[in-house]
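Undergrad: Please see the structure below; I have some questions.
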């Protein structure tokens, strides 16, 4: 009889110890780590717009004038100057092969550039590229057709020479059997010649390339008729006017 209480007491102690351990395990909250979501890296998106725009605004028998606008700056667009490259077929323009002529724009984001030395009665397409060769993948302008070779001629006369320049008169004459409705005279200076002022004509220059168009009052010439325009030219060289090309 003296052993029984000891057995009962041991069993009770064991049961109590098991209950305490179970309760402690169940009651203690488990530690759970919540992962911190990653901070998204912001991405730069260019606006859905063409970075550069252009169109042919004037034509002669041997030149095209392209009006352009650089709408976006880097990294989405371009900074001036830009190359304007001409091609004689759309396939060549798409593949950037067999360029026919090119010219560099000025420092303006919005302006005009004239490309001379072209073939009369010819279709041209144009594209833009940076001077370092990076090509604009979007704009293919054209076709724009140069005018037919006009039945007109242009000759220059030096009226006055002085230190640092000269004054010249250019005579434009209708040489065909049909009236001339508007004319342009174009040439390229061989040196540092630049027009300081001109009269009876509208001057456009791109570097050494010059195009002088008729004024509003002297553009129509009957067969055999002529008109003139004048210019004052600055130069450090000899007073001379290079060969002239007349066209409509």
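Numbering (mature numbering (1 follows the signal peptide of the UniProt record, and there is no 0)), first residue to last: -25 to -1, 1 to 223. No residue lacks a Cβ here, since even glycine has one placed at the ideal position from N, Cα and C.
1. From the DSSP output, in three-state form, read off residue 110 for me.
2. Using DSSP with H/G/I as helix, E/B as strand and the rest coil, what is residue 67?
3. Taking the beta strand (DSSP E) that residue 167 belongs to, which residues open and close that run?
4. Counting C-beta neighbours from all protein chains within 10 Å, is the total for residue 168 16 or more, i.e. buried, or is it exposed?
5. Relative to the C-alpha of residue 48, which residue among 32, 164, 22 is closest?
6. Should residue 212 and residue 35 be called a contact, given that it needs their Cβ atoms to be closer than 8 Å?
7. Under DSSP, the beta strand (DSSP E) around residue 98 begins and ends at which residues?
8. Confirm, please, whether the CB-CB distance from residue 121 to residue 132 is below 8 Å.
9. Which of helix, strand or coil does DSSP assign to residue -3?
10. In this structure, how does DSSP classify residue 193 when only helix, strand and coil are distinguished?
11. To which residues of the same chain is residue 188 closer than 6 Å at the C-beta, ignoring the five residues directly before and after it?
12. Within 8 Å, do at least three Cβ pairs link the segment 66 to 84 to the segment 37 to 57?
13. Going straight from the alpha carbon of residue 153 to that of residue 199, what length do you get?
14. So, with DSSP's three-state summary, where would you put residue 179?
15. Excluding five sequence neighbours on each side, which residues of the same chain lie with their C-beta closer than 7 Å to the C-beta of residue 52?
16. Touching or not, the segment 10 to 21 and the segment 37 to 44, by the rule of three or more beta carbon pairs under 8 Å?
17. The beta strand (DSSP E) spanning residue 57 covers which residue range?
18. Return helix, strand or coil for residue 221, following the three-state DSSP convention.
19. Measuring only the C-alpha atoms, how far is residue 86 from residue 14?
20. Is residue 205 helix, strand or coil by DSSP?
21. Taking buried to mean at least 16 other C-beta atoms within 10 Å of its own C-beta, is residue 137 buried or exposed?
22. Which residue wins for smallest C-alpha separation from residue 197, given the options 92, 184, 11, 149?
23. Just the Cα atoms here: how many angstroms apart are residue 166 and residue 210?
24. Given residue -24, which residues of its chain have a CB within under 7 Å of its CB, disregarding the five upstream and five downstream residues?
25. Do the CB positions of residue 207 and residue 171 come within less than 8 Å of each other?
26. How long is the line joining the alpha carbons of residue 157 and residue 50, rounded to whole angstroms?
TA: In terms of the structure at hand:
1. strand
2. helix
3. It is not in any beta strand (DSSP E) - residue 167 carries neither H nor E in the DSSP assignment.
4. buried
5. 22
6. no
7. 98 to 104
8. no
9. Low confidence applies to residue -3: its pLDDT is 48, below 50, so where it sits in the model is not reliable, and the reading given next is rough at best. In this structure, residue -3 counts as helix in the three-state DSSP scheme.
10. coil
11. 159, 177
12. yes
13. 9 Å
14. strand
15. 26, 27, 45, 46
16. no
17. Counting along the chain, residue 57 falls outside any beta strand (DSSP E), and DSSP gives it neither H nor E.
18. strand
19. 45 Å
20. strand
21. exposed
22. 149
23. 8 Å
24. In this prediction, residue -24 has a pLDDT of 45, which is less than 50 and means its spatial position is unreliable; what the coordinates show is noted afterwards. There are no such residues.
25. yes
26. 43 Å
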